[in-house]
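A.B. asks: Residue numbers (the working numbering): 0 to 244.
Submitted below is the structure of interest, expressed as structure tokens.
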Amino acid sequence: MAHYTLFGINIALLVVNSKKCSQINIDMIAGINIKKNNRLISLTKKKNHNLNFLTKKDFKVKYLNNRSHSIAISFYYNLVKYTLAGTFENKHSCFLALDGIQDPQNFGQIIRTAECAGINGIIYSKHNSATISNTVLQVSQGAFLNMPIYEVTNIKNEIKKLKNLGFWSIAFENEPDAKRWYSMDLKENIVIVFGSEGFGIKKKIKELCDFTAKIDMQGKINSLNVGASVAAVLFERLKQIKEQK
0 MAHYTLFGIN IALLVVNSKK CSQINIDMIA GINIKKNNRL ISLTKKKNHN LNFLTKKDFK
60 VKYLNNRSHS IAISFYYNLV KYTLAGTFEN KHSCFLALDG IQDPQNFGQI IRTAECAGIN
120 GIIYSKHNSA TISNTVLQVS QGAFLNMPIY EVTNIKNEIK KLKNLGFWSI AFENEPDAKR
180 WYSMDLKENI VIVFGSEGFG IKKKIKELCD FTAKIDMQGK INSLNVGASV AAVLFERLKQ
240 IKEQK
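In structure tokens form, the structure reads like this:
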């Protein structure tokens, strides 16, 4: 179980209301009378969490890198224990496999996007990847509390397990012979694979996938940020599912 410190009223409310977090401590700048702040104070007292009021000066001294916020919440949180059982339905299920995403900002944004797009979980490698850090969770804006995140030793093995359960696997790489992203059927049970910002998907993982797809670029820059690419693909999937209904 790891310890984290995040900032902001919205994240604080989500953490306090979550059963996945424990040993919660809140520091708040005294005298800020905002409706959400008062709601947080009430919830914190009701749940018997530790609440401290600091002067603005003391808060800024304690949290030097987060001066734009007036609330800091510290807590313990455990990643979901990895298991495929009970984590997906018979159709329209989707896992996102991240092979070597090293930028914590991108990782956090991907978690947020995945939660908003309604996928079943994120699988990421514990090696050569960004760890679950304060930055990752802060950028996710609380989405980590609702999105199963599975840290695994070998992504290739997990893709194999999903394929044995009837999932299709799609590697997203900007290659000339790759299929266009919007022409892919993303409605079925699928695992979508994205690689690192600099090196892409490892060769052995890509060879394991059933298809390779790409997002066509129209401008002079030849690729999107990985967070933007994930958003485009996951919401295309959601669009296809909604149109089918």
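The C-beta atom is built at its ideal place from N, Cα and C for all residues, glycine as well.
1) Below 8 angstroms on the Cβ atoms is my guess for Y149 versus I122; work out the distance and round it to an integer in Å.
2) Rounded to whole angstroms, what's the CA-CA distance from G141 to V14? Just pull it up for me.
3) Taking V151 as the reference, which of L161, K125 and G7 has the closest Cα?
4) Whose C-beta lies closer than 8 angstroms to the C-beta of A84 among residues of the same chain, with five residues either side of it excluded?
5) From N119 to N224, what distance separates their C-alpha atoms?
6) Counting only the same chain and skipping the five closest in sequence on each side, list residues whose C-beta sits under 8 angstroms from that of Q239.
7) Can A1 and Y76 be called in contact, C-beta distance under 8 angstroms?
8) Excluding sequence positions up to five away, which residues of its chain have a Cβ less than 6 angstroms from the Cβ of G226?
9) Let me confirm a value: Q137 is counted as buried when at least 16 other C-beta atoms fall within 10 Å, else exposed. Which label applies?
10) Only counting the same chain, and skipping five residues up and downstream in sequence, which positions put a Cβ closer than 7 angstroms to that of S41?
11) Do you know how far the Cα of I214 is from the Cα of I70?
C.D. replies: On the basis of the data shown:
1) 5 angstroms
2) 7 angstroms
3) K125
4) For A84, the predicted structure reports a pLDDT of 49, less than 50, and the residue's modelled location is therefore unreliable. A value from the coordinates is still provided. So the list is empty, once near-sequence residues are dropped.
5) 23 angstroms
6) D184, L185 and K186
7) yes
8) N105, Q108 and I109
9) buried
10) none
11) 40 angstroms
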